[in-house]
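Those letters in the sequence shown? Residues 548 to 1430, per this note's numbering, in order.
Idealized CB from N, CA, C, for every residue including glycine.
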Amino acid sequence: MDVVVVESPAKAKTINKYLGSGFKVLASFGHVRDLPAKDGSVRPDEDFAMSWSVDTASSKRLNEIATAMKSADSLILATDPDREGEAISWHVLEVLNKRKALKDKPVKRVVFNAITKKAVTEAMAQPRDIDTPLVDAYLARRALDYLVGFTLSPVLWRKLPGARSAGRVQSVALRLVCDREGEIERFTPEEYWQIAAHLKTRSGEPFVARLNGFDGKRITKMDVRDGEQAGRIKSMLESASFQVDSVEAKPQKRNPAPPFTTSTLQQAASAKLGFAPARTMQVAQRLYEGIDVGGETVGLITYMRTDGVQMATEAINAARDAIDKEFGADYVPEKPRFYSTKAKNAQEAHEAIRPTDFTRSPSKVRGALDSDQVKLYELIWKRGIASQMASAQIERTTVEIAATDGSASATLRATGSVIKFDGFIAAYTEHRDDMKTDSDDDDDANRLPAMQNGEEPTREKIEATQHFTEPPPRFSEASLIKRMEELGIGRPSTYSATLTTLRDREYVRLDGKKLIPEAKGRLVTAFLEGFFERYVEYDFTASLEEKLDDISAGKLAWKDVLRDFWKEFSAHVDETKELRITNVLDALNEQLEPLVFPTREDGSDPRICPKCGTGNLSLKLGRYGSFVGCSNYPECGYTRQLGEDGPKGKEAELADGPKVLGKDPYTEEDITLRSGRFGPYVQRGEGKGAKRSSLPKGWKVEDIDHEKALALLSLPRDVGPHPESGKMISAGLGRYGPFILHDGMYANIESIEDVFSIGLNRAVAVLAEKAAKGPGRGRGAAAAALKELGEHPEAGGPVTVRDGRYGPYVNHGKINATLPKNTEPMSITLEDAVRLIAERAAKTGKKVGAAKAKKAAAKKPAAKKTTAKKKAPAKKKAATQDG
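See the structure below:
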């Protein structure tokens, strides 16, 4: 018997079926070792020695592999065909050797790009050794990420409270987002006018021609700069006569795009399906690892982490055969198409993402897939098949028209196109952002009516429309990945994780599909640009990636690369330790001027305090992050959150101090409206014990009067005693919005107005509805299960998906693991849940299945009492850093 090690249990199950009873296939569940999140895991002073740790779940799996090896003839390492996969195989081998579990038994490394019986059996016939240079490249990358993260992050903590981490790739990706925001802020719109003539042919068919010349001068898009000039041209055209000067029809060819890479798949899935990159990779992983189709588990696509654009020869031939059957012989080009990537630093280590079998069309597998899997598989199948199809044949027509009015003259142009033969378009049309069109003119999509030279079209109307240039668009997740790939930053396996980290750190937020940098993210970027500029330069980061590629090719020694990097980097970090906070703030004030000192509507100096009129505003650092404050503190308490404009309208009045609304009728204390760091609020009295209430969502400062302020300060309000328990029901406004409370149970209500108006009968009904939904989410109460995933494969007991107070999570026993952001809860598989639970258990120190074990132990007869030594207190875990 041979033991085969792969990453996932789904893959293990499929491959075991292919190989038969002579093999035992076990899953490592990804990486089995990692660098502990603490100082000293990488030690430059010891020639970059690295300490690895094995968590509880991984230790159990390694034990299973070691036990299986006792009766095995050999070990076959069959992890993924990339740098991470090679590293996992190396880690497994290292651990087994240290445990002396192999005892000179042969070890083989095999790789396959698809999980099909043919691919797996062919790989088994071509074993090799562990690729040492590829492992060295992994070690260098992991050490670099660790050293940057664990060296820069403490600097951030000391100099910028509230900043959470920095990372080698993460910080450069963040800089891209922040630089784009800076471009948008600095952008000055420019006015321009476009002039179009709506005309008709002599047969009465309408078309549109656009101005491209006037009085003998060529007119481009931006040449008509004001309404006066546009008006003169419009007036001339309104009295001009028109004549067709020329009609030219040119045949053009449009070629298909290559099959998907990781980056282009994520871009297309975002544009066409609305999938976030993380979701795309999650669905692609399932398609790669295997789906039960007609009683056979088979991988539907090739490996999905790749920057290669070529397909294997047999796949190209299969695609051509499928095109002939699906579309006809006319759609099969004379020669196969071969592609090469233009991405910087592309490794092209393996094939593009394609179907494993082109005869397995989307319609044939639809019944075996869920909706997201169908959509993504169809996208991959169509793009793969289109890449080998004939070119589209397009006829582009250009009509030149002369306009004359006495001595004045102008020229206009009308363009249009028609598809003569659709070719690859019959299968797949790229998203507009990715299409290589022959012209940016929107009229190209229109078909022009037939016209002849000398024909005199009639005028319907002349339009002069005002336009303004627009700033560059914000990045979406997909376009940011595209830009990172173009610059050579990161690799296919890192894109999605990098974006997730930026969101988790609250450095960026998603607004629709657009990435917007948070003030915290811009502050971190400005700090790094100011004091660590070299390490967030795009070229520097790309050059490091090139060196990692050279290591994997055996051209560079990995420790030489680390030595060169660390010598300069550590010296630079040491210099920043002498930085005073005032130096940092002065530099950031200048770099982030539009953010810190936004232009005021009244034209006053944005650096002067609007409250006291004499103090200078500046960035300040507080325990929870940065804000803008006055230099006259504590005499002047003006503050503003970073990234917010100064107060406007009624709020601006509050900058000068509290506004008295009246007196409390019972205490005679002043009721005031004030502006604080977190927005406007009302207050009764003075001092630390004064009662305060923030304005509810939707309430405007200008609408707050004495009556409304009293109502807010009176909360919570008693609604009445519950008719069954006799205990009081109250209504109030809390962190999560308006609520009613009875005997420890909270129930949300729709609006703040309901807090003041809800009666006893309605309150009792709302509480009854809440009780009918099951246990609440208060302390100790478990959320109801959204989905039952099945029994835990190792520890037993149900694994479920639940929706908690802070979002969806998976549960097993007493272990709850939060789902990654942008993950659809109902799409989580048992395998995904088991992995998340294992990771959570490793972080918290809990044991998977511990609750079950305790129950079993409780049933056993009590053992005799023994005197046990008191345990030493456990050491606190080091805070996790991002590399």
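Using DSSP with H/G/I as helix, E/B as strand and the rest coil, what is residue 789? Taken through DSSP and simplified to helix, strand or coil, residue 789 comes out as strand.
For the stretch 918-994, which segments carrying the beta strand (DSSP E) assignment without a break, of at least 3 residues, lie completely within its bounds, in sequence order? The DSSP assignment places 939-952 and 955-968 as complete runs of the beta strand (DSSP E) inside the stretch 918-994, in order along the chain (cut-off: 3 residues).
Cα-Cα separation between residue 865 and residue 806, rounded to whole angstroms: Each residue's CA atom was taken as its position, placing residue 865 and residue 806 some 14 Å apart.
Note down, one range per segment and in chain order, each beta strand (DSSP E) of at least 3 residues found wholly within the stretch 554-629. Scanning the stretch 554-629 from its first residue to its last, the whole beta strand (DSSP E) runs of 3-plus residues come out as 570-574 and 621-624.
Check each candidate in 1067, 651 and 1036 and name the one with the smallest Cα separation from residue 1051. Ranking 1067, 651 and 1036 by CA distance to the CA of residue 1051 puts 1067 first.
Which same chain residues end up closer than 7 Å to residue 702 when comparing Cβ atoms and leaving out the 5 residues on each side of it in sequence? Answer for residue 702: 1120 and 1123, listed in chain order.
What first and last residue would you give for the beta strand (DSSP E) that runs through residue 695? First-last for residue 695: 679-706, but that is the alpha helix (DSSP H), not the beta strand (DSSP E).
With three or more C-beta pairs closer than 8 Å as the rule, is the stretch 638-656 touching the stretch 688-703? They do not touch, by the three-pair rule.
Tell me, please, whether the stretch 754-763 touches the stretch 1023-1039 by the rule of three or more beta-carbon pairs shorter than 8 Å. No, the stretch 754-763 does not touch the stretch 1023-1039.
Proximity winner among 1112, 1048, 781 and 1212, relative to residue 713 (alpha-carbon distances): Nearest of 1112, 1048, 781 and 1212 to residue 713, Cα basis: 1048.
Tell me which residues share the same chain as residue 870 and place their Cβ nearer than 7 Å to its Cβ, disregarding the 5 neighbours each side in the sequence. Spatial neighbours of residue 870 in its own chain (CB-CB distance under 7 Å, excluding positions within 5 residues in sequence) are listed in chain order as 878, 879, 932, 935 and 936.
What does the alpha-carbon distance come out to for the pair residue 1403 and residue 607? Reliability fails at residue 1403, whose pLDDT of 44 lies under 50, so the model's placement of it is uncertain and no value is given.
Would you mind working out which of 1276, 1128, 1061 and 1023 sits nearest residue 1078, comparing C-alpha positions? The candidate whose alpha carbon is nearest that of residue 1078 is 1128.
Taking the beta strand (DSSP E) that residue 1076 belongs to, which residues open and close that run? In the DSSP assignment, residue 1076 falls outside any beta strand (DSSP E) and lies within the alpha helix (DSSP H) extending over 1066-1078.
Could you name the residues of the same chain whose beta carbon sits closer than 6 Å to that of residue 1219, not counting the 5 residues immediately before and after it, in chain order? By the criterion of a C-beta distance shorter than 6 Å, residue 1219 is surrounded in its chain by 1205, 1207 and 1230, once the five residues flanking it on both sides are discounted.
Span of the beta strand (DSSP E), counted from its first residue to its last, around residue 1261: First-last for residue 1261: undefined, no H or E at that position.
If we ignore side chains and look at the alpha-carbon of each, how far apart do residue 1071 and residue 1281 end up? In a straight line, the C-alpha of residue 1071 is about 32 Å away from that of residue 1281.
Beta-carbon proximity of residue 1258 to residue 1303, cut-off 8 Å: It is a contact, given that the beta carbons lie within the stated cut-off.
What is the residue span of the alpha helix (DSSP H) that residue 1031 lies within? Start and end: 1024-1034.
Looking at the strands, I want to know which residues DSSP matches up with residue 1284. Partner residues in the beta bridge of residue 1284, as assigned by DSSP, are 1281.
Own chain partners of residue 559 with C-beta closer than 7 Å, once the 5 adjacent residues on each side are dropped: Cβ neighbours of residue 559 within its own chain (closer than 7 Å, five residues either side excluded): 553, 572, 573 and 574.
Can you check which of these residues, 819, 881, 963 and 825, is closest to residue 977 by C-alpha distance? Closest by C-alpha distance to residue 977, out of 819, 881, 963 and 825, is 819.
I'd like to know whether the C-beta atoms of residue 1043 and residue 828 end up nearer to each other than 8 Å. Less than 8 Å separates the beta-carbon of residue 1043 from that of residue 828.
Roughly how many angstroms lie between the CA atoms of residue 1080 and residue 717, to the nearest whole one? If I take the Cα positions, the gap works out to 14 Å.
Could you pull the start and end residues of the beta strand (DSSP E) that residue 757 belongs to? Start and end: 753-761.
So, for residue 1401: in the same chain, excluding its five sequence neighbours on each side, which residues have a beta-carbon less than 7 Å away from its beta-carbon? Per-residue confidence for residue 1401 stands at a pLDDT of 45, beneath the threshold of 50, marking its modelled position as unreliable; the derived number appears in the next sentence. The answer is none, since no qualifying residue turns up.
Grab the span of the alpha helix (DSSP H) containing residue 1105 for me, first residue to last. Unbroken alpha helix (DSSP H) run through residue 1105: 1105-1123.
Are there 16 or more other CB atoms within 10 angstroms of the CB of residue 568, so buried, or fewer, so exposed? It counts as exposed.
In its own chain, which residues sit with a C-beta less than 7 Å from the C-beta of residue 1210, not counting the 5 before and 5 after it? Counting only Cβ-Cβ distances below 7 Å, and skipping sequence neighbours, we find 1216, 1217 and 1218.
Considering residue 1483, what are the terminal residues of the beta strand (DSSP E) in which it resides? Residue 1483 lies beyond the stretch modelled for the chain, which goes from 548 to 1430, so this question has no answer here.
Segment contact flag, the stretch 1098-1107 with the stretch 719-739, C-beta cutoff 8 Å, min 3 pairs: Here the stretch 1098-1107 does not lie against the stretch 719-739, with fewer than 3 beta-carbon pairs under 8 Å apart.
Using DSSP with H/G/I as helix, E/B as strand and the rest coil, what is residue 826? Correct three-state label for residue 826: helix.
Are the CB atoms of residue 1011 and residue 740 nearer to each other than 8 Å? In this structure, residue 1011 lies near residue 740, with their beta-carbon atoms less than 8 Å apart.
What is the rounded straight-line gap between the Cα of residue 972 and the Cα of residue 808? When rounded, the distance between both Cα atoms is 20 Å.
Residue 692 and residue 715: beta carbons closer than 8 Å? Yes, these two residues count as a Cβ contact at 8 Å.
How is the beta strand (DSSP E) around residue 1241 delimited, first residue to last? If you look at residue 1241, you'll find it in the beta strand (DSSP E) that goes 1238-1241.
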